[in-house]
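A.B. asks: In the numbering used here, the protein residues as written are 14 to 436. Every residue gets a Cβ at the ideal spot worked out from N, C-alpha and C, and that includes glycine.
#1: At which residues does the alpha helix (DSSP H) containing residue 207 begin and terminate?
#2: In the structure shown, what three-state DSSP assignment does residue 219 receive?
#3: Would residue 291 pass as a contact of residue 350 if the rule is Cβ separation under 9 angstroms?
#4: Please report the straight-line C-alpha distance between residue 328 and residue 305, rounded to a whole angstrom.
#5: When the distance is taken between beta carbons, is residue 195 closer than 9 angstroms to residue 175?
#6: In the structure shown, what three-state DSSP assignment does residue 151 receive?
#7: Looking at residue 226 and residue 462, is the spacing between their C-beta atoms short of 9 angstroms?
#8: Cβ atoms of residue 253 and residue 264: under 9 angstroms apart, would you say?
#9: Under the three-state reduction of DSSP, which class applies to residue 344: helix, strand or coil?
#10: As a quick exercise: from 218, 229, 413 and 297, pick the residue whose alpha carbon is nearest that of residue 243.
#11: What is the DSSP secondary structure of residue 227, reduced to helix, strand or coil?
#12: Would residue 140 and residue 396 be called neighbours here (beta carbons separated by less than 9 angstroms)?
#13: Check residue 274 in the structure and name its three-state DSSP category.
#14: Our contact map puts residue 330 next to residue 358 with C-beta atoms below 8 angstroms; I'd like the distance itself, whole angstroms only.
#15: Would you kindly work out how many angstroms separate the C-alpha atoms of residue 186 and residue 199, rounded to a whole number?
#16: Determine the direct distance from the alpha carbon of residue 393 to that of residue 383, and round the result to whole angstroms.
#17: In three-state terms, what does DSSP make of residue 142?
#18: Name the residue from 362, 90, 173 and 385 whose alpha carbon lies nearest to the alpha carbon of residue 353.
#19: Less than 9 angstroms separating the beta-carbons of residue 228 and residue 274?
#20: Note down the Cα distance separating residue 400 from residue 299, rounded to an integer number of angstroms.
#21: Indicate the three-state DSSP secondary structure (helix, strand or coil) for residue 237 in the structure shown.
#22: Shortest alpha-carbon distance to residue 420 belongs to which of 151, 121 and 91?
#23: Write down the C-beta distance between residue 204 and residue 149 rounded to the nearest angstrom, noting that I regard them as a contact closer than 8 angstroms.
#24: With burial defined as no fewer than 16 other Cβ atoms inside 10 Å of the residue's Cβ, what is the status of residue 281: buried or exposed?
#25: Closest to residue 285 by CA distance: which of 271, 210 and 301 is it?
#26: Does the Cβ-Cβ distance between residue 142 and residue 412 come in under 9 angstroms?
#27: Do you know how far the Cα of residue 379 is from the Cα of residue 339?
#28: Count the other C-beta atoms from every protein chain shown that fall within 10 angstroms of the C-beta of residue 231, then say buried if there are 16 or more, exposed otherwise.
#29: Near residue 283, what residues of its chain come up, given a Cβ to Cβ distance below 6 angstroms and the 5 sequence neighbours on each side ignored?
#30: Using only CA atoms, which one of 348, 258 and 423 lies nearest to residue 308?
#31: In terms of alpha-carbon separation, which member of 241, 237, 191 and 224 lies closest to residue 214?
#32: For residue 387 and residue 111, which I take to be in contact (beta-carbon distance under 8 angstroms), what is that distance rounded to the nearest angstrom?
#33: Identify, in the order they occur along the chain, each residue of the same chain with its Cβ nearer than 8 angstroms to the Cβ of residue 415, setting aside the five sequence neighbours on each side.
#34: Name the two residues that bound the continuous alpha helix (DSSP H) containing residue 108.
#35: Could you give the DSSP three-state label for residue 267: helix, strand or coil?
#36: Expressed to the nearest angstrom, what Euclidean distance is found between the alpha-carbon atoms of residue 315 and residue 355?
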């Protein structure tokens, strides 16, 4: 059985731990760098760190294998495992294509490779993914750790698991943990050298993690940060199987708030994970998933720009195909998400899923700014829609570390116990 993955509720008394290496006085066991039973000593409760949380007992979700056996799957639809791998691998491919032209103007792109970046073969240098994929994989690892504790019957704070994962990522970029932050125990992902390169990490993410504090929706860090740094790492929330849409939404908001305090940044991230969830879990068409996400985001009075941006993406995609020279606009998260959605929808007339992937990613990354982020989100949407078999095999062969992305997906899938289905 997979134990409750619902956010844990605030509680009162309990052991007060200042660091995961501290011995828990009630158990005599050394906490092993994870996210269970964290508490703030009274002397530090004004410090924005992990808040006291506890549940009296874990609740059971339905066994994933049993639930999947009764879940309707449309004929010809890719299986859950294929969609998970496709989403993560597609995101990495889109990131790499976009990162190759991230800092080039449209004129420079045209002079270098003609009408636009259409294929990996046009790139004459190394192919690397950026901090976008790095943080997506660390988000997946934070959720994987929470699932590991849940499978062991131990209640854990999911937001804390994510924060500790992001701190471990921070250490790969800066070479050390922030002075005032806990030092999490290393996990498998931390030993992967390809993730230790500094590739345009988001300044908002770095500045929040540098504080050693954990932002929350009610105690925000970077209150004015409306960029897409939290948005682009949020797809893994939508891959959680048999978790309600509202739970996924709230988990994503909590995860985004760790670094981004602006409501639009948080709810753009939640809208994106909700779209991924509807595609992967319900086999929804992308327009239907976007409309549902817009309706949910529209209930948030503090994030007024998210729902209109999503609806505008649907309108634009129904009209004209996006030109590569289009820009995502102000750099706000909701506009980057809309640009990725528009690229996928406007190229949906392609003859095959693989051709759709090629055309949509070419449209997504051929922009003057935000190419890596928009390409990554477009790739995640495409992989979720079609599964891993639709991704161009030639691109995967020449991409950076495709085996790492697949291994991270497999570790997550092993914990969800999702049955393998044909792609």
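C.D. replies: Looking at the coordinates:
#1: Here residue 207 refers to the residue found at position 194 of the chain shown. Careful: residue 207 lies outside any alpha helix (DSSP H) and carries neither H nor E.
#2: Mapped onto the chain shown, residue 219 falls at position 206. Correct three-state label for residue 219: helix.
#3: Position 278 of the chain shown, counted from the start, is the residue given in the question as residue 291. Position 337 of the chain shown, counted from the start, is the residue given in the question as residue 350. The answer is no: Cβ separation not under 9 angstroms.
#4: Residue 328 sits at position 315 when you count from the first residue of the chain shown. Residue 305 sits at position 292 when you count from the first residue of the chain shown. If I take the Cα positions, the gap works out to 15 angstroms.
#5: Indexing the chain shown from 1 puts residue 175 at position 162. Indexing the chain shown from 1 puts residue 195 at position 182. No, they are not a contact pair.
#6: Position 138 of the chain shown, counting from 1, holds the residue named residue 151. Helix.
#7: Residue coverage of the chain in this structure runs from 14 to 436, which leaves residue 462 outside it and unanswerable.
#8: As a first step, residue 264 is located in the chain shown; it is residue number 251 there, counting from the start. As a first step, residue 253 is located in the chain shown; it is residue number 240 there, counting from the start. In this structure, residue 253 lies closer than 9 angstroms to residue 264 by Cβ.
#9: On the chain shown, position 331 is the one that residue 344 refers to. Residue 344: coil per DSSP, three-state reduction.
#10: Locating residue 243 in the chain shown gives position 230, counting from the first residue. Checked all of 218, 229, 413 and 297; the closest Cα to residue 243 is 218.
#11: The residue you call residue 227 lines up with position 214 of the chain shown. Of the three classes helix, strand and coil, the one that applies to residue 227 here is coil, per DSSP.
#12: The count along the chain shown starts at 1 and reaches residue 140 at position 127. The count along the chain shown starts at 1 and reaches residue 396 at position 383. Cβ atoms of residue 140 and residue 396: not closer than 9 angstroms.
#13: Residue mapping note: residue 274 aligns to position 261 of the chain shown, counting from 1. Reduced to three states, the DSSP call for residue 274 is coil.
#14: In the chain shown, counting from the first residue as 1, residue 330 sits at position 317. In the chain shown, counting from the first residue as 1, residue 358 sits at position 345. Between residue 358 and residue 330 the Cβ distance is about 3 angstroms, and since that is below 8 angstroms, they are a contact.
#15: For the purposes of this step, residue 186 is identified with residue 173 of the chain shown, where counting begins at 1. For the purposes of this step, residue 199 is identified with residue 186 of the chain shown, where counting begins at 1. Their Cα atoms are separated by approximately 15 angstroms.
#16: For the purposes of this step, residue 383 is taken as the residue at position 370 of the chain shown. For the purposes of this step, residue 393 is taken as the residue at position 380 of the chain shown. The alpha-carbon atoms of residue 383 and residue 393 are separated by roughly 16 angstroms.
#17: Here residue 142 refers to the residue found at position 129 of the chain shown. Coil.
#18: Start at 1 with the first residue of the chain shown, and residue 353 comes out as number 340. Among 362, 90, 173 and 385, the Cα nearest to that of residue 353 belongs to 385.
#19: Within the chain shown, residue 228 is the residue found at index 215, counting from 1. Within the chain shown, residue 274 is the residue found at index 261, counting from 1. Yes, they are a contact pair.
#20: Position 387 of the chain shown, counted from the first residue, corresponds to residue 400. Position 286 of the chain shown, counted from the first residue, corresponds to residue 299. If you take the alpha carbons of residue 400 and residue 299, they lie about 14 angstroms apart.
#21: The residue given as residue 237 occupies position 224 in the chain shown. Of the three classes helix, strand and coil, the one that applies to residue 237 here is coil, per DSSP.
#22: Counting from 1 along the chain shown, the entry for residue 420 is found at position 407. Ranking 151, 121 and 91 by Cα distance to residue 420 puts 151 first.
#23: Sequence index remark: in the chain shown, residue 204 carries index 191 (1-based). Sequence index remark: in the chain shown, residue 149 carries index 136 (1-based). Residue 204 to residue 149, Cβ: 18 angstroms. No contact.
#24: Sequence index remark: in the chain shown, residue 281 carries index 268 (1-based). The residue in question, residue 281, is buried, as its Cβ has 16 or more Cβ neighbours within 10 Å.
#25: Within the chain shown, numbered from 1, the residue matching residue 285 stands at position 272. Taking only the C-alpha atoms, the option nearest residue 285 is 301.
#26: By 1-based counting over the chain shown, the position of residue 142 is 129. By 1-based counting over the chain shown, the position of residue 412 is 399. Between residue 142 and residue 412, the C-beta spacing is below 9 angstroms.
#27: Working through the chain shown from its first residue, we reach residue 339 at position 326. Working through the chain shown from its first residue, we reach residue 379 at position 366. Only weak support is given to the placement of residue 339: the predicted model assigns it a pLDDT of 48, under 50, and the value that follows is read from those uncertain coordinates. Looking at the two C-alpha atoms, the distance is approximately 8 angstroms.
#28: Counting from 1 along the chain shown, the entry for residue 231 is found at position 218. With fewer than 16 Cβ atoms within 10 Å of its Cβ, residue 231 is classed as exposed.
#29: Within the chain shown, the letter at position 270 stands for residue 283. Apart from the 5 residues on each side of it in sequence, residue 283 sits with its Cβ closer than 6 angstroms to the Cβ of 262, 265 and 266 in its chain, given in chain order.
#30: Along the chain shown, read from residue 1 onward, the residue named residue 308 stands at position 295. Answer by Cα proximity: 258.
#31: For this step, residue 214 is matched to residue 201 along the chain shown. For residue 214, the nearest C-alpha among the options comes from 241.
#32: Position 374 of the chain shown, counted from the start, is the residue given in the question as residue 387. Position 98 of the chain shown, counted from the start, is the residue given in the question as residue 111. With 8 angstroms as the limit, residue 387 and residue 111 qualify as a contact, their Cβ atoms being about 6 angstroms apart.
#33: As a working note, residue 415 is residue 402 in the chain shown. Excluding sequence neighbours, residue 415 sits near 102, 105 and 409.
#34: Locating residue 108 in the chain shown gives position 95, where the first residue counts as 1. Element bounds for residue 108: 93–113.
#35: Position 254 of the chain shown holds residue 267. The answer is helix: DSSP assigns residue 267 an H, G or I state.
#36: As a working mapping, residue 315 is identified with position 302 in the chain shown. As a working mapping, residue 355 is identified with position 342 in the chain shown. Roughly 24 angstroms between the two C-alpha positions.
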